[in-house]
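Q: Mind having a look at this structure? Questions to follow.
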Amino acid sequence: MVIWLCIAVTLQILLLYKIPVIPRDCNPRHLTLIRKTSVIIINDSSKEHVVRLLKSIFHQEVQPFEILIVGDKETLPRLKKEMKSHVFQVEAPPVGIGWKPKNWACWHGAKSATGDYILFIHSSTWFEPGGMLRIMEAYQMQFGKGILTISPYKRLTDWINLFSSAFSIFLFSLTKIARSHKGTSRYGGFEECFICRRDDYFKLGGHYEARKELLPGFALTQSFLSVHQKATSWSGKYVISNNEEYAGWKQLFRHWNKSAGEYIEKAGFSTLSLITLWLLSSILFFIYCLAAIPSQPILSIIGFFIYIWSILLILKKAGSYHLMDLIGFPIHLIMFSFVFLKSFAGKVLAFAFQTKEKPYVTAKEKEKKMD
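Next comes the structure, spelled out in structure tokens:
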């Protein structure tokens, strides 16, 4: 039991040795970056969510250069009180052939933007007080270049959200950033919020190059890394938050299956292998821990809480988790393991029977676009 605990925690450290959190104390001089930023809100949820996000922007220390709410005739909300001089609604034309609707909206929002920087944000999120300034603080750490992506801090308002704890660890393990010195990096970024320079965005093709992707933020991050541009991923703690709402188990599993499948398809085998070993070692630890209760109850309980405490240290940066929320973590882990291993096995089989290589754009060709 002790051996499996050590293996599981060691693999956990290798996967998630550091989840960066933007410091709460920021330098006011970075307020000038906000004034040069176009905020692009992609609306695919309710009007209430858009209004909540807008209000959180209006309560920031300084307002961005402009706020663009992008959608089609059906998704654009009818706003009156919330419309200010720097808030505009952009109606995207009918979705083009071969495009994902979200990528189509992002592309047309970017083409309408006039700020030096563009910040894409999902309408289901909202900014924490001072959140926009903290984003600029982190972006200034990379000298206002490259791409910066943020995972929203999860506000747990429903018991079913607790079951996404293992999925949150999975996402952070795949989006940790490493510089790419040749070819395309196997790491990517988060989807809900990211910022970059508008000129760099268009030089790399932006969402046009990622038009078929279900994870455009991941693909854009890989594009920046492939031309040796700086890319970082951050936790949304103290910056932006969201509360995921699921209608039931069916919708929860559909979300896992869809998202995990897409991330697994793009991730490298080394990282996926580490995740697989971590899942298996954790499950084996829980099995040994359960089996040892009759003979060594105290050791089993202590080992269990040591593991849960190590998980909590990670998840506290991802959402409003508490120790008692993770008592059922073994169940969360087993449920997600079925989804992960199914998708990973599919990738392995597809790779084994692959006979034709897909065409790709080399790093040198992409570097030409940056000149």
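Mapping the sequence shown onto our numbering, position 329 (from 1) lands on 324, and the numbers just tick up by one.
Virtual Cβ for every residue (Gly too), placed ideally from N, Cα, C.
1) Measure the CB-CB distance between LEU328 and SER277 and report whether it falls below 8 Å.
2) Shortest alpha-carbon distance to LEU166 belongs to which of THR5, LYS42 and LEU10?
3) Assuming ASN252 contacts LYS149 under a Cβ cut-off of 8 Å, what Cβ separation, rounded to an integer in Å, is found between them?
4) Grab the span of the alpha helix (DSSP H) containing GLY256 for me, first residue to last.
5) Drop a sphere of 10 angstroms on the beta-carbon of PRO325, count the other beta-carbons inside from all chains shown, and report buried for 16 or more, exposed for fewer.
6) Among PHE53, VAL82 and ALA161, which has the Cα closest to the Cα of TRP121?
7) Okay, do the segment 103 to 123 and the segment 218 to 226 touch, 3+ Cβ pairs below 8 Å being the bar?
8) Name, in chain order, the residues that DSSP records as bridge partners for TYR112.
9) So, does the segment 85 to 97 touch the segment 199 to 211, judging by three or more C-beta pairs under 8 Å?
10) Could you have a look at TRP229 and say whether DSSP puts it in helix, strand or coil?
11) What's the C-alpha gap between ILE35 and LEU307?
12) With DSSP collapsed to three states, give me the class of LYS149.
13) Mind checking LEU318: buried by the 16 CB within 10 Å criterion, or exposed?
14) Determine the extent of the alpha helix (DSSP H) in which VAL45 is found, giving its start and end residues.
15) Would you kindly report the start and end of the unbroken alpha helix (DSSP H) that includes GLU204?
16) Going by Cα to Cα distance, which pick from LEU26, TRP154, GLY104 and PHE219 is closest to ARG129?
17) Take VAL90 and list the residues in its own chain whose beta-carbon comes closer than 6 Å to its own, dropping the five residues that flank it on each side.
18) For TRP121, which residues does DSSP report across the bridge?
19) What is the residue span of the alpha helix (DSSP H) that GLN135 lies within?
20) Would you identify the three-state DSSP class for VAL(-3), choosing helix, strand or coil?
21) Since LEU63 is in the beta strand (DSSP E), which residue starts that stretch and which ends it?
22) Per the DSSP calculation, GLU86 is bridged to which residue(s)?
23) Could you spell out the range, first to last residue, of the alpha helix (DSSP H) harbouring ALA105?
24) Report the residue from TRP102, SER305 and SER332 whose alpha carbon sits nearest the alpha carbon of LEU321.
25) What do you reckon, are the CB atoms on ILE64 and VAL46 nearer than 8 Å?
26) Contact check, GLY183 vs ALA205 under 8 Å by CB: the rounded distance?
27) For ASN168, I'd like the list of residues in its chain whose CB is within less than 7 Å of its CB, leaving aside the five on either flank, ordered along the chain.
28) With the cut-off set at 8 Å, would you say GLY263 and PRO147 are in Cβ contact?
29) Pull the bridge partners of VAL16 from the DSSP assignment, please.
30) Considering PRO292, what are the terminal residues of the alpha helix (DSSP H) in which it resides?
31) To which residues of the same chain is ALA161 closer than 6 Å at the C-beta, ignoring the five residues directly before and after it?
32) Looking at the structure shown, is GLY93 part of a helix, part of a strand, or coil, going by DSSP?
33) Closest to ILE17 by CA distance: which of GLU43, GLY126 and ALA87 is it?
34) Here's the rule: buried if 16 or more other CB atoms are within 10 angstroms of the residue's CB, otherwise exposed. What is MET365?
35) Alpha carbon to alpha carbon, what distance is there between THR152 and GLN246?
36) Excluding the 5 residues preceding and the 5 following ILE288 in the sequence, name in chain order all residues of the same chain whose CB lies nearer than 7 Å to its CB.
A: Concretely, from the data shown:
1) The residue you call residue 328 lines up with position 333 of the sequence shown. The residue you call residue 277 lines up with position 282 of the sequence shown. Their beta carbons are under 8 Å apart, which means LEU328 touches SER277 by this criterion.
2) Walking along the sequence shown from the start, residue 166 turns up at place 171. Taking only the C-alpha atoms, the option nearest LEU166 is LEU10.
3) Taking the sequence shown and counting its residues from 1, one reaches residue 252 at position 257. Taking the sequence shown and counting its residues from 1, one reaches residue 149 at position 154. Between LYS149 and ASN252 the Cβ distance is about 19 Å, and since that is not below 8 Å, they are no contact.
4) Residue numbering aside, residue 256 sits at position 261 when the sequence shown is read from its first letter. Element bounds for GLY256: 244 to 261.
5) The residue given as residue 325 occupies position 330 in the sequence shown. Counting C-beta atoms within 10 angstroms of its own C-beta, PRO325 has 16 or more neighbours from the protein chains shown and is therefore classed as buried.
6) As a position in the sequence shown, residue 121 is number 126, starting the count at 1. Answer by Cα proximity: PHE53.
7) Short answer: they don't touch.
8) In the sequence shown, the residue the question calls residue 112 occupies position 117. According to DSSP, residue pairing for TYR112 in a beta bridge involves THR32 and ARG192.
9) Using a C-beta cut-off of 8 Å, the segment 85 to 97 makes contact with the segment 199 to 211, since at least three inter-stretch Cβ pairs fall below that distance.
10) Taking the first residue of the sequence shown as position 1, residue 229 is located at position 234. DSSP places TRP229 in strand when its eight states are reduced to three.
11) Numbered from 1 along the sequence shown, position 40 holds the residue referred to as residue 35. Numbered from 1 along the sequence shown, position 312 holds the residue referred to as residue 307. Cα to Cα, ILE35 sits roughly 33 Å from LEU307.
12) One-based indexing of the sequence shown puts residue 149 at position 154. Of the three classes helix, strand and coil, the one that applies to LYS149 here is strand, per DSSP.
13) As a working mapping, residue 318 is identified with position 323 in the sequence shown. Counting Cβ neighbours within 10 Å, LEU318 comes out exposed, since fewer than 16 surround it.
14) Numbered from its first residue, the sequence shown carries residue 45 at position 50. Here the alpha helix (DSSP H) through VAL45 covers 42 to 53.
15) Here residue 204 refers to the residue found at position 209 when the sequence shown is read from its first residue. Taken as a continuous stretch (DSSP letters only), the alpha helix (DSSP H) holding GLU204 covers 201 to 204.
16) Here residue 129 is taken as the residue at index 134 of the sequence shown, counted from 1. Taking the Cα of ARG129 as reference, the smallest distance to any Cα among LEU26, TRP154, GLY104 and PHE219 is reached at LEU26.
17) As a working note, residue 90 is residue 95 in the sequence shown. Within the same chain, VAL90 has close Cβ partners PRO96 and TRP99.
18) What you label residue 121 is simply residue 126 of the sequence shown in a count that begins at 1. Paired residue(s): SER236.
19) The residue you call residue 135 lines up with position 140 of the sequence shown. In the DSSP annotation of this structure, the continuous segment of the alpha helix (DSSP H) that includes GLN135 starts and ends at 126 to 136.
20) Your numbering for residue -3 matches position 2 in the sequence shown. VAL(-3) falls in the helix class under three-state DSSP.
21) Numbered from its first residue, the sequence shown carries residue 63 at position 68. Run containing LEU63: 61 to 66, per the beta strand (DSSP E) assignment.
22) Walking along the sequence shown from the start, residue 86 turns up at place 91. Under DSSP, GLU86 takes part in a beta bridge, and its partners are GLY66.
23) Taking the sequence shown and counting its residues from 1, one reaches residue 105 at position 110. Counting along the chain, the unbroken alpha helix (DSSP H) around ALA105 starts and ends at 96 to 107.
24) Here residue 321 corresponds to residue number 326 of the sequence shown, with the count starting at 1. It is SER305.
25) Translated into the one-based positions of the sequence shown, residue 64 becomes position 69. Translated into the one-based positions of the sequence shown, residue 46 becomes position 51. No; because the gap between Cβ atoms is not below 8 Å, this pair is not in contact.
26) If you number the sequence shown from 1, residue 183 lands on position 188. If you number the sequence shown from 1, residue 205 lands on position 210. Not confirmed; about 11 Å, so no contact.
27) Walking along the sequence shown from the start, residue 168 turns up at place 173. Sequence inspection shows Ser at residue 168; the Asn mentioned does not correspond to that position. Excluding positions up to five away in sequence, the list reads LEU10, LEU11, THR266 and ILE270.
28) What you label residue 263 is simply residue 268 of the sequence shown in a count that begins at 1. What you label residue 147 is simply residue 152 of the sequence shown in a count that begins at 1. Against a cut-off of 8 Å, the Cβ pair of PRO147 and GLY263 comes out as no contact.
29) Residue numbering aside, residue 16 sits at position 21 when the sequence shown is read from its first letter. SER230.
30) In the sequence shown, counting from the first residue as 1, residue 292 sits at position 297. Note, PRO292: alpha helix (DSSP H), 292 to 310.
31) Stepping through the sequence shown from its first residue, residue 161 is reached at position 166. Leaving aside the five residues that flank ALA161 on each side, the residues in its chain whose CB is nearer than 6 Å to its CB run, in chain order, HIS327, LEU328 and PHE331.
32) As a working mapping, residue 93 is identified with position 98 in the sequence shown. In the three-state reduction of the DSSP assignment, GLY93 falls in the coil class.
33) As a first step, residue 17 must be located in the sequence shown, where it is residue number 22. Comparing Cα-Cα distances from ILE17 to each of GLU43, GLY126 and ALA87, the minimum goes to GLY126.
34) Position 370 of the sequence shown, counting from 1, holds the residue named residue 365. Below a pLDDT of 50, predicted positions are generally treated as unreliable, and MET365, at 49, falls in that range; the measurement from the model is reported next regardless. MET365 is exposed by the Cβ-count criterion.
35) Numbered from its first residue, the sequence shown carries residue 246 at position 251. Numbered from its first residue, the sequence shown carries residue 152 at position 157. Looking at the two C-alpha atoms, the distance is approximately 17 Å.
36) As a working note, residue 288 is residue 293 in the sequence shown. Correct list, in chain order: SER295.
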